[in-house]
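Numbering (the numbering used here), first residue to last: 35 to 476.
Here the structure comes first, spelled out in structure tokens, and everything after it is commentary.
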Ligand code: URA
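Quick look at the structure:
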């Protein structure tokens with residue numbers, strides 16, 4: 035195989051064969067293809083796209099690039115969820131223990147930040163002592179004892195995605211439908227769950243900004259998953275503004291804890307209820323989706339998901355006292371308020387800009403080997419539709435005190451808020467459900 039020619043073929047919009055795609059992925063994982071050639075290939079895919087056949091081949095090559103997780107030592111239906119990436123999206127932190135508290139089994143592999151969006155592993159690692167890198171044996175034992183475990187993508191599971199993901203994160207090659215579909219579904223197929231609920235985001239803070247592209251991505255992933263014998267449902271949801279109020283690792287853990295205590299922000303609670311309902315329903319734990327959603331709602335109110343979260347933290351080496359004492363989570367050096375100069379109503383909050391402001395403030399990586407400061411992030415004080423007076427606080431930066439980063443984040447955040455004299459309704463959160471039977475508007 036001549037890698038130069040494969041890159042050129044993709045650059046020129048031609049279709050690669052199954053053998054060509056497999057040798058590219060295997061060569062990259064094996065170290066014969068360097069990062070710069072893979073990056074050029076990814077950029078070529080970004081511009082030229084892929085056919086469905088190419089995307090399925092790429093997914094399978096990536097899923098087969100390492101071990102397949104055999105979950106047969108865990109009895110019962112294993113259910114997973116995956117978001118295509120959002121800003122302030124701490125849904126997994128809430129849903130994994132919540133669904134386990136309702137009787138579901140969540141043996142989940144989860145990721146780090148990508149582009150302007152956060153990653154569940156980075157969030158979990160803000161809990162002192164929390165170990166996301168477990169052996170397969172420990173992972174299975176934990177699920178068998180408490181019905182839930184969250185681990186990071188281990189070296190052997192879909193290593194092709196792990197390597198490609200790290201490159202995409204720093205080379206502006208994330209927002210490509212076939213690359214996202216192959217990335218997500220390769221991990222899901224290798225990770226061995228029986229059912230998967232996909233949260234496909236659309237809107238300004240999503241990798242697929244238009245509703246049409248989100249539906250296309252959802253259909254592609256549902257097709258790949260059902261073709262591989264899994265039960266797969268995708269929900270198309272809005273990422274026009276950040277989810278909840280907290281953006282940044284430790285801040286999002288805190289908001290997830292509040293939500294599990296029954297005190298979560300409305301949009302996060304609604305999303306958790308919808309996705310959690312589908313997770314319970316496909317697990318066969320409810321007779322209907324409505325019944326499943328009521329179960330999720332009751333479990334939020336009776337706080338049994340919170341107890342399950344404490345068990346999860348303990349089982350993975352973390353300090354469970356963070357649940358009752360937020361001071362045990364990493365604290366920022368300084369807090370800086372961003373105030374409005376206008377009067378009116380918040381008509382838009384550019385989620386992508388909020389995500390980038392948080393990342394550049396230090397909550398994310400600039401190069402693939404950077405360490406991140408878990409205490410850093412942004413707390414929104416206003417959301418779309420809220421009334422604002424002059425001088426009122428729009429958001430608070432949690433920062434390491436570096437002036438130049440604060441200045442840049444301040445400008446970016448001010449520009450992310452649009453204030454208008456006319457009141458605007460918050461954007462609709464849940465748009466549609468995509469299954470193998472088609473698209474159902476919600
Ligand atoms: N989540 C993933 O795991 N991969 C992507 O490419 C995008 C979101």
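From the three backbone atoms N, C-alpha and C, an ideal C-beta is built for every residue, glycine too.
- In this structure, the ligand URA has a non-hydrogen atom nearer than 6 Å to the beta-carbon of residue 217.
- Sixteen is the threshold: since fewer than 16 other Cβ atoms of the shown chains lie within 10 Å of the Cβ of residue 365, the residue is exposed.
- If you check the C-beta of residue 270 against the ligand URA, you find no heavy atom less than 6 Å away.
- For residue 404, the number of other beta carbons within 10 angstroms of its own is below 16, and it is reported as exposed.
- Residue pairing of residue 242 in beta bridges, as defined by DSSP: absent, with no partner found.
- Not a single heavy atom of the ligand URA lies less than 6 Å from the C-beta of residue 333.
- Counting C-beta pairs with one atom in each stretch, the region 169-182 and the region 357-373 have fewer than three that are closer than 8 Å, which means they do not touch.
- For residue 119, the CB falls within less than 6 Å of some heavy atom of the ligand URA.
- A distance below 7 Å between beta-carbons, with the five flanking residues on each side excluded, links residue 473 to the following residues of its chain, in chain order: 249, 466.
- Remark: C-beta atoms of residue 204 and residue 333 do not approach each other more closely than 7 Å.
- Within the same chain, and ignoring the five residues on either side of residue 193 in sequence, the residues whose Cβ sits closer than 6 Å to its Cβ are 63, 99, 100.
- With a minimum length of 4 residues, the unbroken runs of alpha helix (DSSP H) contained wholly in the region 45-100 fall at 52-63, 69-82, 86-97.
- When secondary structure is reduced to three states using DSSP, residue 472 falls in the strand class.
- Burial is judged here by how many other beta carbons sit within 10 angstroms of a residue's own beta carbon; residue 163 has fewer than 16 and is exposed.
- Pairing residue 306 with residue 125 gives a Cβ-Cβ distance under 7 Å.
- Distance from the C-beta of residue 145 to the nearest heavy atom of the ligand URA is below 6 Å.
- Cβ neighbours of residue 43 within its own chain (closer than 7 Å, five residues either side excluded): 50.
- When rounded, the separation of the alpha-carbon atoms in residue 457 and residue 424 is 16 Å.
- In the DSSP annotation of this structure, the continuous segment of the alpha helix (DSSP H) that includes residue 135 starts and ends at 125-135.
- Following the DSSP letters along the chain, one finds residue 418 in no alpha helix (DSSP H), marked with neither H nor E.
- Residue 132 sits close to residue 310, with the two beta carbons spaced by under 7 Å.
- Taking every protein chain shown into account, the CB of residue 367 has fewer than 16 other CB atoms within 10 angstroms, so this residue is exposed.
- Three or more beta-carbon pairs drawn from the region 110-127 and the region 221-237 are found closer than 8 Å, and the two stretches are therefore classed as touching.
- Setting aside the 5 residues that flank it on each side, residue 281 is surrounded in the same chain by 121, 122, 152, 388, 389, 392, 397, 411, 412, 413, 414, each with a C-beta closer than 8 Å to its C-beta; the list follows chain order.
- In the DSSP annotation of this structure, the continuous segment of the beta strand (DSSP E) that includes residue 430 starts and ends at 427-433.
- If you check the CB distance, residue 301 and residue 277 come in under 7 Å.
- Residue 351 sits close to residue 165, with the two beta carbons spaced by under 7 Å.
- Segment contact: the region 133-149 against the region 174-181, three or more CB-CB distances shorter than 8 Å; contact assigned.
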